[in-house]
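For reference, the structure discussed in these notes is given below.
2 protein chains.
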Amino acid sequence: MHHSAAFTEISNLLGDRLTQSKSDLDLHGRSESHFPPMPPEAVAYPETTDEVAQIMRICASHDCPVVGWGTGTSLEGQAQAPHGGLCVDFSRMNKVLSIHPEDMDVTLQPGVTREALNTELRATGLFFPVDPGANASLGGMAATRASGTTAVRYGTMRDNVLGLEVVTATGEVIRTGTRARKSSSGYDLTGLFVGAEGTLGLITELTLRLQGQPEAISSAVCAFPDVGSAVACVIDTIQMGLPMARIELMDPASVAAVNAHSDMDLPETTHLLLEFHGSDSGVTEQAETFGEIAAEHGASGFDWATRPEDRTRLWTMRHNAYHAILASRPGSRAVVTDLCVPISKLAQAIEETRTDLAQAALPGPILGHVGDGNFHAILLFDEGDTAATERAKEVHHRMVQRALALGGTATGEHGVGIGKRPYMNEEHGGSWGLMGQIKQALDPQNILNPGKLVPPRN
Amino acid sequence: MHHSAAFTEISNLLGDRLTQSKSDLDLHGRSESHFPPMPPEAVAYPETTDEVAQIMRICASHDCPVVGWGTGTSLEGQAQAPHGGLCVDFSRMNKVLSIHPEDMDVTLQPGVTREALNTELRATGLFFPVDPGANASLGGMAATRASGTTAVRYGTMRDNVLGLEVVTATGEVIRTGTRARKSSSGYDLTGLFVGAEGTLGLITELTLRLQGQPEAISSAVCAFPDVGSAVACVIDTIQMGLPMARIELMDPASVAAVNAHSDMDLPETTHLLLEFHGSDSGVTEQAETFGEIAAEHGASGFDWATRPEDRTRLWTMRHNAYHAILASRPGSRAVVTDLCVPISKLAQAIEETRTDLAQAALPGPILGHVGDGNFHAILLFDEGDTAATERAKEVHHRMVQRALALGGTATGEHGVGIGKRPYMNEEHGGSWGLMGQIKQALDPQNILNPGKLVPPRN
Numbered sequence: 001m002h003h004s005a006a007f008t009e010i011s012n013l014l015g016d017r018l019t020q021s022k023s024d025l026d027l028h029g030r031s032e033s034h035f036p037p038m039p040p041e042a043v044a045y046p047e048t049t050d051e052v053a054q055i056m057r058i059c060a061s062h063d064c065p066v067v068g069w070g071t072g073t074s075l076e077g078q079a080q081a082p083h084g085g086l087c088v089d090f091s092r093m094n095k096v097l098s099i100h101p102e103d104m105d106v107t108l109q110p111g112v113t114r115e116a117l118n119t120e121l122r123a124t125g126l127f128f129p130v131d132p133g134a135n136a137s138l139g140g141m142a143a144t145r146a147s148g149t150t151a152v153r154y155g156t157m158r159d160n161v162l163g164l165e166v167v168t169a170t171g172e173v174i175r176t177g178t179r180a181r182k183s184s185s186g187y188d189l190t191g192l193f194v195g196a197e198g199t200l201g202l203i204t205e206l207t208l209r210l211q212g213q214p215e216a217i218s219s220a221v222c223a224f225p226d227v228g229s230a231v232a233c234v235i236d237t238i239q240m241g242l243p244m245a246r247i248e249l250m251d252p253a254s255v256a257a258v259n260a261h262s263d264m265d266l267p268e269t270t271h272l273l274l275e276f277h278g279s280d281s282g283v284t285e286q287a288e289t290f291g292e293i294a295a296e297h298g299a300s301g302f303d304w305a306t307r308p309e310d311r312t313r314l315w316t317m318r319h320n321a322y323h324a325i326l327a328s329r330p331g332s333r334a335v336v337t338d339l340c341v342p343i344s345k346l347a348q349a350i351e352e353t354r355t356d357l358a359q360a361a362l363p364g365p366i367l368g369h370v371g372d373g374n375f376h377a378i379l380l381f382d383e384g385d386t387a388a389t390e391r392a393k394e395v396h397h398r399m400v401q402r403a404l405a406l407g408g409t410a411t412g413e414h415g416v417g418i419g420k421r422p423y424m425n426e427e428h429g430g431s432w433g434l435m436g437q438i439k440q441a442l443d444p445q446n447i448l449n450p451g452k453l454v455p456p457r458n
Numbered sequence: 001m002h003h004s005a006a007f008t009e010i011s012n013l014l015g016d017r018l019t020q021s022k023s024d025l026d027l028h029g030r031s032e033s034h035f036p037p038m039p040p041e042a043v044a045y046p047e048t049t050d051e052v053a054q055i056m057r058i059c060a061s062h063d064c065p066v067v068g069w070g071t072g073t074s075l076e077g078q079a080q081a082p083h084g085g086l087c088v089d090f091s092r093m094n095k096v097l098s099i100h101p102e103d104m105d106v107t108l109q110p111g112v113t114r115e116a117l118n119t120e121l122r123a124t125g126l127f128f129p130v131d132p133g134a135n136a137s138l139g140g141m142a143a144t145r146a147s148g149t150t151a152v153r154y155g156t157m158r159d160n161v162l163g164l165e166v167v168t169a170t171g172e173v174i175r176t177g178t179r180a181r182k183s184s185s186g187y188d189l190t191g192l193f194v195g196a197e198g199t200l201g202l203i204t205e206l207t208l209r210l211q212g213q214p215e216a217i218s219s220a221v222c223a224f225p226d227v228g229s230a231v232a233c234v235i236d237t238i239q240m241g242l243p244m245a246r247i248e249l250m251d252p253a254s255v256a257a258v259n260a261h262s263d264m265d266l267p268e269t270t271h272l273l274l275e276f277h278g279s280d281s282g283v284t285e286q287a288e289t290f291g292e293i294a295a296e297h298g299a300s301g302f303d304w305a306t307r308p309e310d311r312t313r314l315w316t317m318r319h320n321a322y323h324a325i326l327a328s329r330p331g332s333r334a335v336v337t338d339l340c341v342p343i344s345k346l347a348q349a350i351e352e353t354r355t356d357l358a359q360a361a362l363p364g365p366i367l368g369h370v371g372d373g374n375f376h377a378i379l380l381f382d383e384g385d386t387a388a389t390e391r392a393k394e395v396h397h398r399m400v401q402r403a404l405a406l407g408g409t410a411t412g413e414h415g416v417g418i419g420k421r422p423y424m425n426e427e428h429g430g431s432w433g434l435m436g437q438i439k440q441a442l443d444p445q446n447i448l449n450p451g452k453l454v455p456p457r458n
């Protein structure tokens, strides 16, 4: 152990809330994705901001890496510990501190999960809209700039965090933002910490925007003859200014997987999954307008879900799609891709990906948040099949190059972590170096989540 | 002249587009607000990014300050030159480079003004919604994180800039963001440069989100018995989730000023100015719902403006209100305040301000973007009346302290510049120091707009 002196001090502070048990280290070294385990050397379970600040000061004095942990559901290895050190698990900092219904905001600790928050909000008539699928912690969602199915309407974490409390690399506790709806008071530090993946500080408190629960919600699924016509329908819908709450695509392979996994019987063709939020008449009008646009693009088989339990079934199916796709080939592992392109290039990006996958003889079901131009191909290969693993990585590389050439990004919502770091230079050029300069200024010892996001230190 | 060697080199590059004429220096040293003139030593008119990069490298090699200039309409002295040096006037970089109607975005040079952009967009069915009143340049609006009357619906510049091209302190040209609608690829540098007021780099190109022109627009003005009832109406409206495009307050003194200046005859009581955007039926439904809420709060005298020319007259009146208020007391100058608080605290913040103004015997008409919790009191005093000037500054100081105590910010939309810098430590504490660390990392020579926003260097 390199950092036993640090752990002794932290153990004096936390007692048995500092652990080095093998099961805890294993749990905090894993990822939801294809990366090998990278366990920390110890796991701390702080209960207060002051404890986090003290932990940070101890780690700084011993040059010990510090990696934040929410629920471990990120997909690019953001919470793994390639340089060992301490994992700070925020699961005990899970309190909603204050709800302000009049201002439609909430202040809470980072370990609160989005489902727990929405349960707590139910009586207020408000909800927190960002929904990445997994029941992630809100601290982790902020750190990774999460988004998901509702971003087309409500934005990503970038748009829904009003302010933060952060413990910096030196153990100082700072606050960014206010509860005001807007501010032009200096650099947007809230925006800088959101998406920084714990490389600039540890988030210990968040103030989030909330939304009023819509008077009416209506969901639907409908079938299209092919991916191109579904995407053309999405483009027309967005351009009409129709305020879609969700608009999701599943290609035939994805539909086949969810049919098997979630006991559905959708025709095995391309589908859009939709949701409308608004007043009763507004939702009716939106649905009618969408129906007209969809019909022009050959849509059929509209199946409406207006009862809450039917909507829940539909979106649970969508949220479980990744696991359904993995289960469609037992023993397989996956490279999850996450391109986001200008919407006019979306059909081209998807079609070229499908051609590439066919030529590489790789299964790669496609689904995505097409209202934002964001889609995932789940590149499947059998565990241990090194040739197929290589082909998956090569397809991924070409997909990223295609997205960049089309004016897009390698990662619409999953973040950088370990998996997308090899593409940062290609995507950002000199800007990546500038990210490194900011990191160097705020964490000169490089103890905050080292090995992630920014360029390696010389 | 301290920097004549730099200006000689820049003159070799630009010819007569580098000027030291007195009229040019005077023009670029003034502000729209109460600050004394602070002219630069020379003004450059670059036409290309490459010229800006060369200028920046020359200035870096001579330690010469560089201040960006759009239209000079900022209100906190952001474009003045307290340390002299070079003013870079972007008025010749005023081309719209590419419009992508399908993706609803536009790429343009920083000198394009918002009115010029909207004229150019007219045929596309799209518009750029951010409207600070002044016909500011879009580069300046991004640099100061401008907002204005439509932010309640469409957000501020923070929400509407997709990507930037920036010349850094070393003269490197970098790009931030992409044309994709969202990204989780690394630090949000776009958000860092938006609102940095030219202290981290010079913006040489912007990609902006556009909106579809609404099918229907309806504006109205209505009267309330007092400020409290108008604000209570706004709170209820926001909580109902009514998607107001604009919701503006004018107190009786502001109404009196615009009546005189814009040849209106509104009753001299508190008013709300409104605008609804949507489908025909949507706008009708919104207006009806708003009418019901307003009636509960004692509103009367609804005057609807559905014809374009009537709407233009209404919003021109609002945009000219600052000048109307100045003109209401010939020979007076003004401290413009810019508080933004959580909306539940808005009535309290305005009422306490009115009491404070009455006790200080200072005229201070109040108007604001109340849907965001943002309001301005225009503190008037006769030029040369030092006692009244002092009282205005004291009232401003107390207003800021009140806003911070209520969970708000000293500056909702005008920025920091020179005027709000004295309040930065109080508002941000340790975060202000962190802004200084970022500034030190990206501009170690402190040549980019020195004397603004960040803490003074030791």
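Protein sequence lines, in the order shown, are assigned to chains H and X.
Under full-length UniProt numbering, the first sequence has 333 at position 333, and the numbering climbs by one with no breaks.
Under full-length UniProt numbering, the second sequence has 33 at position 33, and the numbering climbs by one with no breaks.
Even for Gly, the Cβ is constructed at its ideal location relative to N, Cα and C.
Item	Value
Cβ-based contacts, 7 Å cut-off: residues of the segment 119-145 of chain X near chain H	144 and 145
Rounded separation between residue 347 of chain H and residue 78 of chain X - CA only	44 Å
Three CB pairs or more closer than 8 Å across the segment 68-78 of chain X and the segment 27-46 of chain X	yes
The segment 186-194 of chain H / the segment 89-98 of chain H touching (three or more Cβ pairs under 8 Å)	no
Neighbour list for residue 368 of chain X in chain H, Cβ cutoff strictly below 8 Å	Simply none; closest approach about 12 Å.
Stretch pair the segment 164-171 of chain H + the segment 407-418 of chain X: three plus CB contacts closer than 8 Å	no
Proximity test, Cβ basis, 8 Å: residue 432 of chain H and chain X	yes
Cβ-based neighbour list, residue 310 of chain H, same chain, cut-off 7 Å, excluding 5 preceding and 5 following	none
Minimum Cβ-Cβ distance from residue 204 of chain X to chain H less than 8 Å	no
8 Å Cβ cutoff, residue 61 of chain X in contact with chain H	no
Between the CA atoms of residue 238 of chain X and residue 304 of chain H - distance to the nearest angstrom	30 Å
Straight-line Cα distance separating residue 199 of chain X from residue 280 of chain H	49 Å
Cβ of residue 428 of chain X within 8 Å of any chain H Cβ	yes
Among H:123, H:82 and H:112, the one whose alpha carbon lies nearest that of residue 101 of chain H	H:123
Nearest-angstrom beta carbon gap, residue 382 of chain X and residue 436 of chain X [assumed within contact, 8 Å]	Actually they do not touch by this definition, with Cβ atoms about 38 Å apart.
Below-8 Å beta-carbon distance, residue 78 of chain H vs any chain X residue	no
Short CB-CB distance (under 8 Å) between residue 50 of chain X and chain H	no
Closest residue to residue 283 of chain X among X:254, X:86, X:450 and X:218 (Cα-Cα distance)	X:218
Cutoff 8 Å: residue 258 of chain X Cβ touching any chain H Cβ	no
Interface flag, residue 151 of chain X vs chain H, CB-CB below 8 Å	yes
Runs of alpha helix (DSSP H) wholly within the segment 51-137 of chain X (minimum 4 residues, chain order)	114-121
Residues that residue 374 of chain X contacts on chain H, provided the C-beta gap is smaller than 7 Å	182
Beta-carbon proximity of residue 367 of chain X to residue 321 of chain X, cut-off 8 Å	yes
Listed by chain order, chain X residues near residue 409 of chain H by CB distance under 7 Å	178, 180, 183 and 185
Simplified DSSP assignment, three categories, for residue 244 of chain H	strand
Own chain residues within Cβ distance below 8 Å of residue 170 of chain H, not counting five before or after	56, 57 and 60
One or two residues paired with residue 209 of chain X in a DSSP bridge	X:105
Status (buried if at least 16 other CB within 10 Å, exposed otherwise) for residue 457 of chain H	exposed
Residues near residue 133 of chain H in its chain [Cβ-Cβ closer than 8 Å; skip 5 each side]	148, 149, 318, 319 and 322
Alpha-carbon spacing of residue 66 of chain H relative to residue 51 of chain H, whole angstroms	14 Å
Residue closest to residue 228 of chain H, alpha-carbon to alpha-carbon, out of H:394, H:42, H:350 and H:405	H:350
Beta-carbon spacing of residue 180 of chain H, residue 161 of chain H below 8 Å	no
Per DSSP, the bridge partner or partners of residue 176 of chain H	H:164
Near-chain H residues of the segment 220-232 of chain X - C-beta to any C-beta below 7 Å	none
6 Å Cβ shell around residue 9 of chain X - same chain, five flanking residues per side excluded	58
Residues that residue 304 of chain H bridges to, as DSSP identifies them	H:220
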